[in-house]
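See structure below.
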Amino acid sequence: MSQADRIITQRRQKLADLRARGVDPFSNRFKPDHTIAQVIEAYGSMSGPELEGLNETFRLAGRIMLVRAFGKAIFCHFQDGSSRLQAYVQRQVLGDEAFKLFKSLDLGDIVGFVGTLFRTRTGELTLSVSEFILLTKSLLPLPEKYHGLTDVERRYRQRYLDLIVNPQVWQVFLQRAAIIRLIRQFLDKRGFLEVETPMMQPIPGGATAKPFETHHNALDMKLYLRIAPELYLKRLIVGGFDRVYEINRNFRNEGLSTLHNPEFTMLEFYQAYATYKDLMELTEELVCQVARELLGTLQITYQGADIDLTPPWRRIDLRQSLTEIGGIPQEVVKDRQALVELAKSEGVVLRPGEGYGRALTKLFDLKVEARLIQPTFVLGYPTETSPLSRKSDDNPEVVDRFELFIAGREMANAFSELNDPIDQRARFEAQLSAHAAGDEEAPHAVDEDFLTALEYGMPPAAGEGIGIDRLVMLLTDSPSIRDVILFPLLRPER
RNA sequence: GGGCCGUUAACUCAGUCGGUAGAGUAUCUGCCUUUUAAGCAGAGAGUCGUUGGUUCGAAUCCAACACGGCCCA
């Protein structure tokens, strides 16, 4: 018999023995009156004599993580969802039978304890146990007590195990929740209304990406998981909600990487009577407020790089960045033909209908993006690659748009919204021909209802999307998007 | 899709020139009432990712495949 089978057999035997003795191995008759963190918070600084003078019993519950057993006494550490505490169990106190039962418990079992607080010889706050009750028998052995679980694949596949044995992982997800909470507070305070718009859409719009397809049986219709909420949020701006936001999942049927998960969380918000310039300031304030509240500083370190979030952030024109940062001579950047040739020589594949604009943004991805470590707004995006953005009043070839880069990656994308329905229709139709020419990322149909909404009149507005997962990566110094998503997509095991 | 790396006991990892499997933790047994990855003594525990190939002999060399990681597209 393999060791694994043997351990499972032993534990199942213990389970049967417990039942035979009338002990419920999955009892739910114990209510803790404190969390461990509450106990540490309230009593962690008291001296031994002060603790013993308390004359108070505590009811605590948690999973047994470490055991140091002697002949007639046992020390163990147990943890709940807040922290970890030592318990001291003595035969003299519990009696022979209960002590023997406790000795038969395994690492991983969940137990309720009743006891008083004291300090051990080494000064550790400890619960002196007068009673205990088994709450859940664990049938599988935990990973090693010291190294925890390091196998990256298992950590992602069995996140519950990762969380049990690697408490530092909690921190990231607690911080993730805090970041989202802080963003909500920030936006709520500024009069933004949180809304929920369809995740299943008949025409996937608002971005260029390959969508997931699904099917609704009763209506016998094809639906797509949304690639962005944009077109629905703008309908709400038409409807009169002047400030709206949504924090929710988008789905893109693309590859996986340390920066990409097929479902990811996006904040999108829209503000009537604002421009993309207003949103630059708002973005600075938002990110800085979150960083200050979360970390207490604007000087952060990401994977060894020092990043200073202090505003104002650098603003640079796309073309200028190609020259100043990407090292492409100004004459080449200005020369449409020469730039397209350069892009091709760098391996960029231009599809029918794509030209100078696409070459600009692709060369930016190749030559500039990774080098924008400090927060930088990039401006002057080509109209060709920005089908939902308002054209610049000064130059119709570029749009009123920025992207924000921090730590060499895109963190946000924002623009003044195109609210001219005639222009919008023309741009949709250009996308349609791109789709017909084989571009799977372009929408397959014109969203007529969205155009109808625009025809009723959408007030001038600006909108922005911020990738929450990437923001969380930045603020928690996490190298992979899988470290900030509880259950990242993995290929099934065979 | 391409390149590189990884996959050995339940966990964390060794394994030299190709000679037939090791440690620590965990588990089980015994001793032990202030331990801190407790200690001491003993025992059991393996489809070396899978499939083929080379060889007298493969965890080790070769190939394909699977899953994962990093980088690139």
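Numbering-wise (numbering that gives the first Met the number 0), the first sequence opens with residue 0 and increments by one.
Virtual Cβ for every residue (Gly too), placed ideally from N, Cα, C.
- Spanning the alpha carbons of residue 163 and residue 245 requires a straight line of approximately 32 Å.
- Annotated as proximal: residue 397 and residue 381, with beta-carbon spacing under 8 Å.
- With the rule of 3 Cβ pairs closer than 8 Å, the segment 169-179 counts as touching the segment 471-482.
- As DSSP reads the structure, residue 75 sits in a beta bridge with 66 and 86.
- The segment 40-50 makes contact with the segment 113-122; the number of CB pairs closer than 8 Å reaches 3 or more.
- Distance between residue 204 and residue 158, taken at the CA atoms: about 33 Å.
- Taken in chain order, the whole beta strand (DSSP E) runs of length 3 or more contained in the segment 106-189 are 109-118 and 124-135.
- If you look at residue 329, you'll find it in the alpha helix (DSSP H) that goes 329-333.
- Taking residue 210 as reference, the option from 194, 236, 185 and 248 with the minimal CA-CA separation is 248.
- Contact check for residue 321 against residue 367 passes: the beta carbons are separated by less than 8 Å.
- Between the segment 317-332 and the segment 356-375 there are three or more inter-stretch CB-CB distances shorter than 8 Å, so the stretches are counted as touching.
- At a Cβ-Cβ threshold of 8 Å, residue 84 and residue 38 count as neighbours.
- Residue environment: residue 467 is assigned as buried (16 or more neighbouring CB atoms within 10 Å of its CB, all protein chains considered).
- Beta-carbon to beta-carbon, residue 186 and residue 268 are separated by about 6 Å, close enough to satisfy the 8 Å threshold.
- Of the residues assessed, residue 462 falls on the buried side of the cut-off, its CB having 16 or more other CB atoms within 10 angstroms.
- Taking C-beta separations shorter than 6 Å and ignoring five residues to either side along the sequence, the partners of residue 242 in its chain run 190, 191 and 270, following chain order.
- For residue 415, the enclosing beta strand (DSSP E) begins and ends at 408-415.
- Checking the DSSP bridge columns, you'll see residue 296 has no partner listed.
- The beta strand (DSSP E) runs of length 3 or more contained entirely in the segment 359-388 are, from start to end of the chain, 375-378.
- The alpha carbon of residue 230 has as its nearest neighbour, out of 439, 33 and 449, the alpha carbon of 449.
- By the C-beta density criterion, residue 143 is exposed, having fewer than 16 other C-beta atoms within 10 angstroms.
- Straight-line spacing of the CA atoms in residue 166 and residue 472 works out to 18 Å.
- Three or more Cβ pairs drawn from the segment 133-151 and the segment 95-112 lie within less than 8 Å of each other, which places the two stretches in contact.
- Per DSSP, reduced to three states, the secondary structure at residue 318 is helical.
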